[in-house]
DNA sequence: TATGAATGAGCGTTCATTCAT
DNA sequence: CATGAATGAACGCTCATTCAT
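Residue numbers (the working numbering), protein chains in the order written: chain F, 9 to 232; chain L, 9 to 232; chain U, 9 to 232; chain Y, 9 to 232.
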């Protein structure tokens, strides 16, 4: 019990608010910089300059570049989780609900390429930062749970196959959404076409939706 | 494996052979280092040390770090292309051929995570290196072409739907294969399960194969 | 041991007492840190952390790192002086008194290596802090005075030589005591033996005592 | 066996010589800077500026600040050893020989305060650098050996006591020499006199010589 | 009396690269 | 063909200290 126990007594003061703003300002800048340049390429100077702050403040607020990156990851996971929670599709109409989920996933990744890039960066580092976060399991199951409920409802209504794991369907949707954004640059070069035109995006969404629904629907005989 | 690999075949002298070996030695090391640490994290020194050579030789052979990275990308594309060419599935049995393609894709990415990591790195850099390569279109269409032939054959035999673009099917397969390897670390933390056990890999392959076949086969009524 | 030491005796209020405790808490931590890391290596942060206080308090109480170091030096000098004053050997039995002084000196340095280290640090800085202290002459002469009295008594009793300066005898004793502690690490490496075993310490004390007594006693013909 | 085996073939070339000079230039500057400012206070920038070189070269030649400091320690030990070897007093006249040793020791420390300061710095760091040096035992025994020979000769001639350890005599001399230089600043403040005047130095040398000779000579009855 | 926030300068070290032969 | 020497800029981080209540 040291001398610093008088925090948060008389309501959040002006200074505390300013400090909070400073912290979040840096966090926001760091998210952009890490997403654009990766972890090694994203120097603390780039971050502090974008935040119109000073290198020193990063250490004041976060202690280290690594901790800052962890905070960035926690932030993007949390925001994705919150966005996902807002969708809340009605599982009682499972086909529509599944379409909603697919569209959300495709849209979210496409509109938040930073999220994708940061996840790639974290995978380059073998997940060492998420494993240090302490909150890794916190946002995990929502997306899979939602799909599980939709699948269960569809099975109940005789619309969907009963032999599917929600996790696999989740991975299929996530794969299609992720890859399209993650690899847009090399794919463009590889395929020789633009992938981010409205038409291309719309075509991909239709195709993925169709594919997922064909995968889950009940009446088909075994595919093989 | 030092530079004394004797690849000095058809007419090249001893010195040219040694030079060639030195060059490839560095290229091999660079592939590993860039795959492990990314472009910024993969320092010239790390590469030259792994190659048991000297920093200076990288400039001697490749001129710059960027050129070396371009050479690395060309190398992994070329190897993937060669591997793909070797598969050569028999399009006259389209279902089996498609299964072969899917299995190859899943296997290749899983066994060559360096390929995946390097592609992520290149996408982080918005594809600037591939666009400088001069060979970008060279290996591109093979994979899509193969699928196109299989689809055409399947349509001809009344097995597959006629309204599909080979490119979309290719992207679906590639997505499923790529994502599973690319995001294995964050997925493990996110889902709380191991993805690289033989059972998990086998399960994923079966699911993806099933999903693709359900997507392409002819007899299904519209999914929606 | 936090700041709640109740030294608030004769008339000082509770707040003054708390302040005094906070000050001394920092001073104690600073003594340890400077002794261990030197002046430059002993950062303000290390000190405030060890004191479970904050950097800012150091400036609050001492104004600057330099002033804090001066306070540390004053503290160790004062404590040594107090310890020396407690010994108070009986000059009327000069041989025993001298032995007592020698043993005290050897013991004190050996048991207070921080004192030795801090003096080395101050000498590295050419004594600039002691010269700023304002109390430098305060504790100085006691040790020499005590020896002077012992020598005088010995001379009077015909036991000691009359041609010695107390200062030289003091320096001889201090040298032997100081060096043994100050250089224990390099000496161990240099000589290849441990110097801090009880036997080694005892041997050194016996030797030094013998040497000093041979130096001061009266009956010997000139040494040269 | 890599490509770097062609060193030192055609005699030390011009470039190698220049490189050697650069290395030694830095080493010389580092010795001064570390002696003056200690290890932590002796920044690489101070060193490279004094050497009219660049920070980077320190890492090119020595790899780290710590390795540079180790090299500095090795250098001063080696020079002291060489100087000691040059003295080579004639043990057949043991009194004169001992005087020579004492004078050398006092002179060497007084004229090389850097040596003393660097040893203090190393002891502040608990001897971690000498223990990493790999040569620590190399220069050790000479000084003690020389004294051992002198003592043996003196005993043989009936001049010296037979019950002394050379190590103790060595330590006594070293203490007196070291302390006088090491603590000159605090001693001056403490005693209120200058210690580096010719008279003071001469007085101290005479006193120490006298004391050591009284300690070692044979005809005295036990001191206690 | 007491303290969280903020700071510019400097730290040891590594970066990709060029020089000179 | 091959390479040891050299380099300026940037890196992540820590320094002693002051600001603003």
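Where is the CB? At the ideal position from N, CA and C, for every residue including glycine.
- At a cut-off of 9 Å between C-beta atoms, residue 129(U) counts as an interface residue with respect to chain Y.
- Under the three-pair Cβ rule at 8 Å, the segment 99-118 of chain F counts as touching the segment 212-224 of chain F.
- For the 9 Å CB-CB criterion, residue 167(U) and residue 102(U) form a contact.
- A check of alpha carbon separations from residue 110(Y) across 224(Y), 216(Y) and 226(Y) identifies 216(Y) as the nearest.
- Listed as beta-bridge partners of residue 168(U) by DSSP are 225(U).
- Of all residues in the segment 167-182 of chain Y, only 172, 173, 175, 176, 177, 178, 179, 180 and 182 come within less than 9 Å of chain U when Cβ atoms are compared, listed by chain position.
- Segment contact: the segment 118-138 of chain F against the segment 41-60 of chain F, three or more CB-CB distances shorter than 8 Å; contact assigned.
- Note that the segment 126-141 of chain L touches the segment 180-197 of chain F; at least 3 beta-carbon pairs, one per stretch, sit closer than 8 Å.
- Taking a beta-carbon distance threshold of 9 Å, residue 77(Y) does not count as an interface residue toward chain U.
- Here the alpha carbons of residue 139(F) and residue 93(F) stand approximately 23 Å from one another.
- Annotation note: the segment 170-200 of chain F contains the following uninterrupted alpha helix (DSSP H) runs of length 4 or greater, listed N- to C-terminal: 174-190 and 192-199.
- At a cut-off of 9 Å, the C-beta of residue 105(F) has no neighbouring C-beta in chain L.
- In this structure, the straight-line span from the alpha carbon of residue 155(Y) to that of residue 89(Y) is close to 14 Å.
- Under a criterion of Cβ atoms nearer than 8 Å, the residues of chain U adjacent to residue 135(Y) are, in order, 193, 194, 196 and 197.
- The alpha carbon of residue 198(Y) has as its nearest neighbour, out of 52(U), 141(U) and 69(U), the alpha carbon of 141(U).
- Within a 10 Å sphere around the beta-carbon of residue 113(F) sit 16 or more other beta-carbons, which makes this residue buried.
- Contact between the segment 54-68 of chain Y and the segment 168-181 of chain U is not established, with fewer than three Cβ pairs separated by less than 8 Å.
- Here the alpha carbon of residue 159(L) sits roughly 7 Å from the alpha carbon of residue 174(L).
- Counting along the chain, residue 114(F) sits inside the alpha helix (DSSP H) bounded by residues 102-119.
- Pairing residue 38(Y) with residue 76(Y) gives a Cβ-Cβ distance under 9 Å.
- Residue 137(F) and residue 184(U) have their C-alpha atoms spaced approximately 55 Å apart.
- Using beta-carbon distances, residue 123(F) does not count as an interface residue toward chain L, since no partner is under 9 Å.
- With a 10 Å radius around the Cβ and a threshold of 16 neighbouring Cβ atoms, residue 200(Y) comes out exposed.
- At a cut-off of 9 Å between beta-carbon atoms, residue 132(F) makes contact with chain L.
- In the structure shown, residue 83(Y) adopts helical secondary structure according to DSSP, grouped into three states.
- Using a Cβ-Cβ cut-off of 8 Å, residue 223(Y) is close to 218, 219, 222 and 223 of chain U, given in chain order.
- The C-alpha of residue 150(Y) is placed about 19 Å away from the C-alpha of residue 202(U).
- Residue-level contact check: residue 112(L) does not touch chain F, since none of the beta carbons of chain F fall below 9 Å from its beta carbon.
- Assignment of residue 203(U) by DSSP, reduced to helix, strand and coil, places it in the coil class.
- Counting only residues of its own chain and dropping the five nearest sequence neighbours on each side, residue 59(F) has a CB closer than 6 Å to the CB of 33, 34 and 37.
- Judged by DSSP in its simplified three-state form, residue 139(L) adopts helix.
- Annotated as proximal: residue 143(F) and residue 85(F), with beta-carbon spacing under 9 Å.
- Taking the CA atoms as reference points, residue 214(U) sits about 11 Å from residue 207(U).
- In chain order, 183, 186, 187, 190 and 191 make up the part of chain L whose C-beta sits under 9 Å from the C-beta of residue 186(F).
- Counting along the chain, no alpha helix (DSSP H) covers residue 98(F), and no H or E run does either.
- Between residue 172(Y) and residue 209(Y), the C-beta spacing is not below 9 Å.
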